[in-house]
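Structure first, commentary second.
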């Protein structure tokens, strides 16, 4: 793992519903910050870029994040990730159980942005 490549800060959010303990009002889909980590956003290989040349879209709509294997909490697949002011849902996780070095997280941008509650 090359820590110098981890130059992007991402924040994990869980989405909660229920009763607010302070106001006793119902809350729906309220984002709750879980933790923040440094991540690497690898660039797309040239071959993949050329092969998908006919597809319209931007890489930032579905980035892949590489983070350290060990995190403060176990990441849940229904959590959201906030990066550079945009919110992403987790579409896949691939932890490296053999080397226990990195975890790879695939994401897709959420169209209706969740605010910082």
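In my numbering, the protein residues as written are 5 to 121.
For glycine and all other residues, C-beta sits at the position ideal for the given N, C-alpha and C.
| Asked | Found |
| --- | --- |
| Residues bridged to residue 18 (per DSSP) | 36 |
| Local conformation of residue 113 per DSSP, three classes | strand |
| Among 30, 11 and 26, the one whose alpha carbon lies nearest that of residue 20 | 30 |
| Beta carbon of residue 91 nearer than 9 angstroms to that of residue 114 | yes |
| Classification of residue 17 by the beta-carbon crowding that lies within 10 angstroms, buried from 16 upward | buried |
| Same chain, Cβ closer than 7 angstroms to residue 33, neighbours up to 5 away in sequence not counted | 19 and 21 |
| Nearest to residue 89 (by Cα), restricted to the options 46, 25, 116 and 27 | 116 |
| Residue span of the beta strand (DSSP E) that contains residue 86, given as start and end | 84–87 |
| Cβ neighbours of residue 73 in the same chain (closer than 7 angstroms, five flanking residues each side left out) | 99, 100, 104, 105, 106 and 107 |
| Candidates 82, 81 and 70: closest to residue 13 by CA position | 70 |
| Residue 47, DSSP secondary structure in three states | coil |
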